[in-house]
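Working notes for the structure below.
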Amino acid sequence: MGNVIVEMEHISKAFSGVQALNDVKLELREGEVMALLGENGAGKSTLVKILSGVYTRDAGTVRIFGKEYGDLNPTTAREAGVAIIHQELNMCRHLTVCENMFLGREIKGKFALNNAKMEEEARHYLDELGVDISPRRIVGDLPVSKQQMIEIAKALSVHAKVLIMDEPTSALTSKEIEELFRIIGRLKEQGCGIIYISHRLEELEHIADRVTIMRDGRFITTAAYKDLTMDKIIEHMVGREIKERFPRIECEKGEKIFEVKNLNAGRLVRDINFSLYKGEIVGFAGLMGAGRTETTRAIFGVDPKTGGEIWLEGKKLSISSPLDAIRAGIVLAPEDRKKDGLCTKLSIRQNIALPNLDVIGGKSGVLSRAKEDALCDQAVSELSIKTPSVEKDANTLSGGNQQKVVVGKWLVRDSKVVIFDEPTRGIDVGAKVEIYNLMNQLKKKGIAVMFVSSELPEVLGIADRIIVMCDGRITGELDARQTTQQEIMRYATMFENKLGKVEGRTEGKERG
Ligand SMILES: Nc1ncnc2c1ncn2[C@@H]1O[C@H](COP(=O)(O)OP(=O)(O)OP(=O)(O)O)[C@@H](O)[C@H]1O
Ligand SMILES: [Mg+2]
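Add 202 to a position in the sequence shown, counting from 1, and you land on the number used in the working numbering.
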C-alpha cells in the first residue's frame, strides 16, 4: 500500500445552525481511490471543500504530504497539490473553455497572455479525455456533460497529486464514464490519490480501493472495498437496513388517460407516439441526448412543438406554455435543477409555495399561511428533506436535498400526469427509495407517471412499461418485467450502431 498523503483528523464545521461535520477523519494514500460515501447532507462535500480550501474548518488538523496546514485557501491548497472537481459545476458560463481552464493561473508571454500556449495545452487535456470540443467555445453553450468533462480536464491540467471528484459522473454519458475510469486508472499508476464521491454505488466495483462512510456529519468507518458487501455499505450509510432497493408495487392497469400523437419538436424530437394508462409507471430509457428531456419539455409547453397532438382524458389539449400544462393537470420535475427546477436564492418555503399558489389561495384567491405551512410540512416530511427550517435559502441545502425540493413541490398538488426527468440524480440510496415510493403512491392513486431515467437498474426495477428512445425517436417498447439491460441498450443504440431494423419492435417509425 502506498504512503499516506492526506490526513484529516477531528474535523468539525458548523454553518449557522447546522453542525455539518462533527469530529470527522479521512485518510488518503498514494495511488488509491478512496470512495467517500454517505446520504444527502452527510457532509461529504463540506469535508472535501475544507481540504481544497473552499471552506475553513472550525476545528481539526489537516496534513498533506506530511506537512501540517492551518487554514487553507484555494491557492494554498492547489500549491499543496490538491485539485477538486465540484459537484455543482463551477464555471464562468460566458468565458471560453480555455479561459475557464486557466482562470487564475494564466500563462503569460513576454508582453501579454500567451493564448496560443494555453489553447494548445487545453486541447491536449481535452484530447486525452477523448472530448472533441474547441478550446475557444463558450462554456455556457455546451451541454452539462461536456461542461463536466471540461472540469475534469481542468483538474488534470494542474497535475494534482490529490484529486477530489465530487459526483463527477452524475451528468456523463456511459462512454464518457468509461473514459473517466480509464483516466482514473492511469492517474493511480502515476501515484495520484483520488477522493471519489458518488451516489451511483454500482460504480464502486470498477474503481474503489477503500471506502470511507459518513452519516449525519460523523465518521462511521473506513475499510477496504473488497471487505465490504453492498448491503453493509448501505446499512452504514443510512443507519438501517434497506430491504428492497426497487420496491415496485402491483396495480391493476386502468384506462388510457394520456396520449401523445405524432409529436415533433425542435431539431431532435420526431414522431413521438405513446399513451399512458392509469395505475402504471412508464419508464423512458435511452442514452444521454436521445431526446427524452426534449420530449418532456415539448409536452409541458416549455419548448414549442412543430407538430402533433396531446390528449388528456379523451380531450385534445392545446398547450403552449407550462401554465397551460399545469392547469390541465400535467406537471414536470425537470432534470437541470439549478437552471430550471429551483430558485436557489429563494427559501425552501417559497420554492414549494410558488407553483402551488392556486392551491394555497383556493377559490377565494386569498393566500392562506396555514395551507402554505401544511404543504411545506408535507413535502419536507414525505421526502425527508434535511434542513433546520423551511425558511433557509434553497442553496444552503446539500445537492441531493435540493433535488428533493424540485420533486417535492409537485407532489403536494393534485395532478393527472406527472413527468419526472431524472428524479434521482445525485440522490442517496435511502432517498431514492423514498422517491420510488412516492411514485408508487401516485400510481396507486391512478395518476399516470412518466419516468425518464438513464439508470437502467431503476427503470427496470420501478417502471411497468419501458419506452426506449434513440436519436429523437422511439425505437422500442418493452415490458419491464420481461426485459433486460442488454435488450434496452440494443434499442437505445440502434442508430448509433447503424443496426437499422431491430426485430420485435412494437412502436416507433423508421426514418433516415
Ligand atoms: N453554505 C452552507 N450554508 C448552510 N448550510 C450548509 C452549507 N453548505 C452545506 N450546508 C449544510 O451542511 C450539511 C452537509 O452538507 P454537504 O453539502 O456537505 O452534504 P453532502 O454529503 O455533500 O450531500 P449530497 O450527497 O446531497 O451532496 C447539510 O445539512 C447542508 O444543508
Ligand atoms: Mg455533496
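No residue lacks a Cβ here, since even glycine has one placed at the ideal position from N, Cα and C.
Comparing C-alpha positions only, which one of the options sits nearest to residue i?
i: E454; options: G648, G311 and G531; result: G648
i: G678; options: A487, D616 and M652; result: A487
i: I396; options: S523, L228 and L223; result: L228
i: Y327; options: G311, N464 and C300; result: C300
i: K573; options: L599, D560, E636 and Q349; result: D560
i: F304; options: A425, K565 and A324; result: A324
i: L430; options: L613, E446, A410 and L640; result: A410
i: R494; options: R675, A282 and S372; result: R675
i: E322; options: H296, S359 and G306; result: S359
i: L501; options: S520, E452 and E515; result: According to the sequence shown, residue 501 is Ile rather than Leu. For the residues S520, E452 and E515, the minimum Cα distance to I501 belongs to S520.
i: M236; options: I668, T424 and G632; result: T424
i: M351; options: S218, N642 and N302; result: N302
i: A530; options: P590, Y479 and D616; result: D616
i: K434; options: I637, Q604 and I415; result: I415
i: T508; options: D538, R472 and G516; result: R472
What is the rounded straight-line gap between the Cα of residue i and the Cα of residue j?
i: K246; j: M652; result: 32 Å
i: A596; j: R571; result: 20 Å
i: G602; j: G628; result: 5 Å
i: N466; j: G543; result: 24 Å
i: R402; j: K390; result: 21 Å
i: P345; j: V582; result: 31 Å
i: K547; j: T598; result: 9 Å
i: E281; j: I459; result: 60 Å
i: G393; j: G387; result: 10 Å
i: S600; j: I554; result: 17 Å
i: V635; j: N205; result: 39 Å
i: G563; j: L569; result: 4 Å
i: L640; j: K518; result: 28 Å
i: L644; j: A362; result: 47 Å
Leaving out the 5 sequence neighbours to the left and right, which residues in its chain are closer than 7 Å to residue i when beta-carbon positions are compared?
i: S656; result: M490 and E624
i: V504; result: P524
i: K215; result: A222, L223, T248, I252, Y257, R259 and D260
i: Q349; result: L291, M293 and V341
For the alpha helix (DSSP H) that residue i lies in, which residues bound it at each end?
i: F383; result: S376 to E391
i: I501; result: R494 to F502
i: E446; result: Careful: E446 lies outside any alpha helix (DSSP H) and carries neither H nor E.
Quick one: residues in its chain with C-beta nearer than 6 Å to the C-beta of residue i, no 5 flanking neighbours on either side, listed in chain order?
i: E308; result: L315
i: I461; result: Correcting the residue type first, residue 461 is Glu in the shown sequence and not Ile. Answer for E461: S477 and W513, listed in chain order.
i: D526; result: G503
i: G332; result: E381
i: R338; result: T298
i: I266; result: V208 and A282
Thinking C-beta only, is residue j closer than 8 Å to residue i?
i: E241; j: V440; result: yes
i: L382; j: L374; result: yes
i: F421; j: E660; result: no
i: I664; j: I444; result: no
i: V533; j: W612; result: yes
i: A357; j: A426; result: no
i: G419; j: G456; result: no
i: E437; j: L470; result: no
i: L274; j: G255; result: yes
In terms of residues, what are the limits of the beta strand (DSSP E) holding residue i?
i: S247; result: S247 -> not in any beta strand (DSSP E); alpha helix (DSSP H) instead, spanning K246 to L253.
i: T424; result: R420 to A426
i: K744; result: Nothing in the structure corresponds to residue 744, since the chain is present only between 203 and 714.
i: L470; result: Looking at the DSSP string, L470 is not in any beta strand (DSSP E), and its letter there is neither H nor E.
i: C672; result: R667 to C672
By Cβ distance, which residues of its chain are closer than 8 Å to residue i, with the 5 residues on each side in sequence left out?
i: K463; result: N475, G510, E511, I512 and W513
i: L658; result: A487, Q687, I690 and M691
i: C578; result: I550, R551, I554, A555 and V592
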